[in-house]
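Undergrad:
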Amino acid sequence: MFNRIVLLMSFLVSCTGASVLGADSKNPFDLIEAARKQGTITDAQAALYGAQVFRGTQDLPEAYRGDPQAAQVNTTPGHLHVAMLIGQFPKLSLPEQKQALRLIAPPAYVWKPARPKALDDDGDNGEGEEDPQPDPDPSWITVENLDVKVWYRKEDPNGATYAKTLASSFGSIRDRLVALMDRGPLADDGESYGYELKDGTKINLGNGGNGKMDIYLMPLATGSKTYAYTMPYVSLTKPIPTPAFLVFNTGIPMDEDRLKATLGHELMHAIQFAFPKLTDQLEEIPMNEGVAKWAEEFLYPDKHYAHEWPDFTMYTWTSLLSDSYATWTFYYYLQHELGETTLRMIYENMATHHPYDAIDATITGGFKKQWPLFAVKDWNQLPNDDSFWKWDKYGFTPYEAKDVPIMEKPMAIGGTGDFVERHEFDMLPLSRRYLFYAVDKKTKARSIAIEMAHFFQLDKIFLKALVKYQGSDAWKTEEWNSPLEAKEFCLDMTQERIEKIVLIYSNFDHKGAEPLKVRTVAKATNIGCYTYKGKIKGRLKSAGVTLDMDTDAVFKVVDRMHREAGDNGGHMPGRFDLASVKVGYTYQGKQQGCTAFENGSVEASGPEMRKSGALGMYPYHESTLPNGRKYSGNIAHPVSKPLIATYHCPDGHSFTLPYYLYPWLVGNYGVGFGRIAGDTGLVQGKGLVNAPQTGATTLEFDYTLSPVAQDE
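FYI, our numbering numbers position 434 of the sequence shown as 434, with every residue one higher than the one before it.
So, in structure tokens, the structure goes:
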């Protein structure tokens with residue numbers, strides 16, 4: 001599985017909108033991350049400085065301040081730096097710990113240290129007593145009911161309005177999520193959430209004075225796009241359930257609907273923190289954000305706030321393991337296809353499984369079954385008419401590159417007579433890739449092949465194809481996961497005549513340590529794949545005999561050329577056997593002063609013709625054949641019983657000689673050449689062949705064979 005720290009740090013960098021790291025960057029997050037990578041600062045200091053950027057405090061060292069606006073280039077989950085800070089707290093220096101407390105603590109509280117270990121009131125050398133819970137800053141006002149306590153400052157222009165909305169809607173939103181997850185946020189009144197400084201001083205976090213959920217309203221850093229965040233009381237590096245408090249950013253204008261949806265998002269986080277975990281909670285951070293974003297759509301399906309995060313649909317090369325908010329579509333898929341209880345069961349299974357192992361153990365068939373099915377739904381356009389755009393009016397579709405939507409690409413046959421397009425891409429665990437091809441009459445293709453180099457890793461890569469066949473408005477979903485290295489279609493055959501193909505690759509191996517390389521070659525050619533027919537003309541001169549032949553020949557395909565795993569054989573379209581011939585001949589001979597003349601015709605057909613000749617087609621280029629490709633052909637046996645030529649001699653006697661008729665077709669195995677012309681698919685050959693080893697034979701040939709479809 002991906003290294004958790006690498007995954008988390010990459011998640012933090014990507015989600016904070018950090019640009020490419022470099023000395024010229026003005027983004028504070030970039031400056032901090034560059035220093036961390038260079039070893040100038042520790043991981044703990046990086047978490048502290050990131051949290052200070054997020055909160056806009058003045059404690060941030062000058063070297064990392066940069067341009068504060070540059071830190072807000074994306075909706076920033078900077079609160080994750082604050083959450084990370086809890087786990088890194090013991091590694092900070094004493095002055096840094098004191099700075100960190102201002103970020104970890106509930107914003108309304110003024111922190112007073114506990115008495116140090118010294119003489120207690122009785123005069124003996126006791127351990128000292130912790131001070132009582134400190135009083136909140138009196139400048140904060142509270143709105144309170146049975147469920148929640150909302151805090152805001154009087155001078156905050158949005159405070160009173162936000163507080164009223166949050167307090168009045170809290171109970172109904174919480175109840176819906178509790179019914180969904182069968183668990184609510186933990187109360188914060190039963191524990192002492194304390195920190196010990198390096199000098200031994202003990203500090204306790206405030207809990208709002210009771211066990212109710214506390215929500216604090218305050219403006220965050222100038223320009224921050226974070227609506228709110230959920231702060232756990234206990235470090236996420238510990239696998240124990242923890243209560244949490246919420247912080248809402250009053251520096252962002254939010255209407256009532258946005259406030260409610262954001263409250264649902266943050267309450268889902270508080271519920272996530274309430275589940276027991278097998279290991280620490282760092283690994284689940286991306287998942288938690290995706291599930292919380294899905295919760296907004298679950299609670300308010302008509303508002304579509306989750307649609308503001310389409311990146312996971314568009315940028316399919318990203319991984320479910322490291323993307324965050326935008327992965328809400330996967331959890332929506334689970335809700336729609338497997339039921340709402342699936343999400344609760346996943347979090348319950350985290351008590352005994354790592355987060356993504358819990359998903360794998362919960363969903364029917366695991367990722368191996370569900371991830372390819374999700375990838376089909378996430379295509380989210382025709383021919384898939386039962387996907388997100390129908391379920392949720394979500395209209396985003398996959399891209400082939402950043403800002404480049406996937407469009408259908410015609411497999412058009414050009415002047416060379418073929419189409420070849422190669423793709424090679426690295427697939428991260430739990431990612432998808434898509435290719436879209438059109439094969440209509442305009443392309444002039446007769447046969448196509450999709451060569452797949454993933455066939456040796458079928459335990460990790462799955463390929464589904466959405467295929468539209470001519471004459472039908474319906475599309476078929478096919479699984480192309482056989483050991484064959486190529487999937488081929490003969491467009492000359494009516495049952496294989498396709499119009500469009502969507503290739504959907506998915507890497508369902510959630511435990512993969514490295515990306516998997518996938519190679520695909522899409523090929524189309526005008527080489528026929530059903531029948532060839534045409535004229536073969538030839539003149540044979542050999543030892544006093546001249547034989548002219550004019551042959552009508554029909555070749556039928558008998559073998560589809562494909563390559564199985566481990567075999568380096570050829571590819572489509574295949575081998576054709578001679579099916580029928582009509583040979584017109586003129587025979588002129590001179591032997592020992594005697595002469596013969598015969599003409600006529602012979603017809604032959606049927607199964608016995610198979611041994612008489614073959615035509616092989618191979619879709620590759622030959623440099624000596626402009627605008628064409630190789631083929632091979634031969635006539636291995638005569639087409640009928642031999643011609644009996646009668647020789648008449650000057651002295652009046654006669655004799656007969658048998659002569660076998662061969663409807664000559666000469667390929668490029670050392671004798672002559674052939675080509676498939678332009679985009680017509682015609683097979684043409686012409687030439688003069690000598691046999692110098694005997695000095696007795698020459699052959700002139702000229703032929704044209706045309707591809708014929710099944711319904712032509």
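Note that CB positions come from ideal geometry on N, CA and C, so glycine has one too.
If we ignore side chains and look at the alpha-carbon of each, how far apart do Gly206 and Val247 end up?
TA: Roughly 14 Å between the two C-alpha positions.
Undergrad: Report all residues from its chain with a CB closer than 6 Å to the CB of Ser506; omit the five preceding and five following residues, and keep chain order.
TA: So the qualifying residues of the chain are Trp371, Pro372, Ala375, Arg432 and Phe462.
Undergrad: With respect to the beta strand (DSSP E) encompassing Asn204, which residues constitute its N-terminal and C-terminal limits?
TA: Residues Lys202 to Asn204.
Undergrad: Rounded to a whole number of angstroms, what is the C-alpha to C-alpha distance between Lys535 and Val554?
TA: Spanning the two alpha carbons is a distance of roughly 9 Å.
Undergrad: Going by C-alpha to C-alpha distance, which of Thr342, Arg65 and Thr646 sits closest to Thr222?
TA: Among Thr342, Arg65 and Thr646, the Cα nearest to that of Thr222 is on Arg65.
Undergrad: Return the chain-ordered list of same chain residues with a C-beta closer than 8 Å to the C-beta of Pro68, the five sequence neighbours on each side being excluded.
TA: Once the five neighbours on either side are set aside, the close Cβ partners of Pro68 are Pro28, Val53, Gly56, Ala221, Thr222 and Gly223.
Undergrad: Assuming Leu503 and Leu435 make a contact with CB atoms under 8 Å, what is their CB distance in whole Å?
TA: Contact holds; Cβ gap of about 4 Å.
Undergrad: Could you give the first and the last residue of the continuous alpha helix (DSSP H) run that contains Tyr347?
TA: Thr341 to Asn349 is the extent of the alpha helix (DSSP H) around Tyr347.
Undergrad: Whose CA, out of Glu400, Arg344, Glu340 and Asp386, lies closest to the CA of Asp311?
TA: Among Glu400, Arg344, Glu340 and Asp386, the Cα nearest to that of Asp311 is on Glu400.
Undergrad: Need the endpoints of the beta strand (DSSP E) that Lys517 sits in, please.
TA: Counting along the chain, the beta strand (DSSP E) containing Lys517 begins and ends at Leu516 to Thr525.
Undergrad: Return the chain-ordered list of same chain residues with a C-beta closer than 7 Å to the C-beta of Asp509, the five sequence neighbours on each side being excluded.
TA: Answer for Asp509: Pro429 and Lys460, listed in chain order.
Undergrad: If you drop the 5 nearest sequence neighbours on each side, which residues of the same chain put their C-beta closer than 6 Å to that of Asp426?
TA: Counting only Cβ-Cβ distances below 6 Å, and skipping sequence neighbours, we find Pro515 and Lys517.
Undergrad: Pair every Cβ in the region 269-281 with every Cβ in the region 136-153, then say whether three or more of these pairs are closer than 8 Å.
TA: The answer is no - the region 136-153 does not touch the region 269-281, with fewer than three Cβ pairs under 8 Å.
Undergrad: Compare the Cα-Cα distances from Leu578 to each of Thr520, Ala604, Thr595 and Gln588 and report the closest residue.
TA: Selected option, being the one with the closest Cα: Ala604.
Undergrad: Measuring alpha carbon to alpha carbon, tell me which of Lys98, Ser139 and Lys686 ends up nearest Glu155.
TA: Comparing Cα positions, the closest option is Ser139.
Undergrad: Going by CA-CA distance only, name the one from Glu283, Tyr647 and Lys402 that's closest to Asp714.
TA: As displayed, the chain neither begins before 1 nor continues past 712, which places residue 714 out of reach and without an answer.
Undergrad: Find the nearest neighbour of Asn380 within the set Lys537, Arg344 and Thr329, judged by alpha-carbon distance.
TA: That would be Thr329, whose Cα lies nearest to the Cα of Asn380.
Undergrad: Enumerate in chain order the residues of its own chain whose CB-to-CB distance from Leu208 is below 6 Å, with the five nearest sequence positions on each side excluded.
TA: One detail in the question is off: residue 208 reads as Gly in this sequence, not Leu. These residues qualify, in order along the chain: Lys149 and Asp214.
Undergrad: Shortest alpha-carbon distance to Trp475 belongs to which of Lys212, Gly681 and Lys500?
TA: For the residues Lys212, Gly681 and Lys500, the minimum Cα distance to Trp475 belongs to Lys500.
Undergrad: Alpha carbons only, please: which of Pro90, Thr443, Leu166 and Ala167 is nearest the one belonging to Met527?
TA: The amino acid at residue 527 is misidentified as Met; the sequence shows Ile. Ile527 has its Cα closest to that of Thr443, out of Pro90, Thr443, Leu166 and Ala167.
Undergrad: Using three-state DSSP, classify His423 as helix, strand or coil.
TA: DSSP places His423 in strand when its eight states are reduced to three.
Undergrad: For His81, is the classification buried or exposed, using 16 other Cβ atoms within 10 angstroms of its Cβ as the cut-off for buried?
TA: The residue is buried, with at least 16 neighbouring Cβ atoms inside 10 Å.
Undergrad: On a Cα-Cα basis, can you pick out the residue from Asp280, Gly251 and Thr250 that is closest to Thr242?
TA: Ranking Asp280, Gly251 and Thr250 by Cα distance to Thr242 puts Asp280 first.
Undergrad: If you follow the alpha helix (DSSP H) that Glu439 is in, where does it begin and where does it stop?
TA: What sits at residue 439 in the sequence shown is Val, not Glu. Where Val439 is concerned, there is no enclosing alpha helix (DSSP H), given that its DSSP letter is neither H nor E.
Undergrad: Classify Glu700 as helix, strand or coil using the three-state DSSP reduction.
TA: Glu700: strand per DSSP, three-state reduction.
Undergrad: On the CB-based measure, 16 or more other CB atoms within 10 Å of its CB, does Lys377 come out buried or exposed?
TA: The residue is buried, with at least 16 neighbouring Cβ atoms inside 10 Å.
Undergrad: Would Leu320 pass as a contact of Tyr195 if the rule is Cβ separation under 8 Å?
TA: Not a contact, by the Cβ cut-off of 8 Å.
Undergrad: Where Arg176 and Trp391 are concerned, what is the direct C-alpha to C-alpha distance, given to the nearest angstrom?
TA: Their backbone Cα atoms lie some 21 Å apart in a straight line.
Undergrad: Does the distance from the CB of Ala228 to the CB of Pro185 come in under 8 Å?
TA: Not closer than 8 Å, so no.
Undergrad: Quick check on the burial criterion: 16 or more other C-beta atoms within 10 angstroms. Buried or exposed for Cys490?
TA: By the neighbour-count rule (16 or more Cβ atoms within 10 Å), Cys490 is buried.
Undergrad: What does Thr586 pair with, by DSSP beta-bridge criteria?
TA: Answer by DSSP bridge pairing, in chain order: Asp548 and Asn599.
Undergrad: Please give me, in chain order, every unbroken run of the alpha helix (DSSP H) with length at least 4 that falls completely inside the region 235-293.
TA: Qualifying alpha helix (DSSP H) stretches, in chain order: 256-272.
Undergrad: So the beta strand (DSSP E) Met452 belongs to, where does it begin and stop?
TA: Run containing Met452: Ser447 to Met452, per the beta strand (DSSP E) assignment.
Undergrad: For Phe388, report the span of its alpha helix (DSSP H) as first-last.
TA: Its alpha helix (DSSP H) spans residues Phe388 to Asp392.
Undergrad: Among the residues of its own chain, which have a CB less than 6 Å from the CB of Tyr331, if the five just before and after it don't count?
TA: Excluding sequence neighbours, Tyr331 sits near Gly290, Val291 and Trp294.
Undergrad: So for His353, helix, strand or coil by DSSP?
TA: Coil at His353, not helix or strand.
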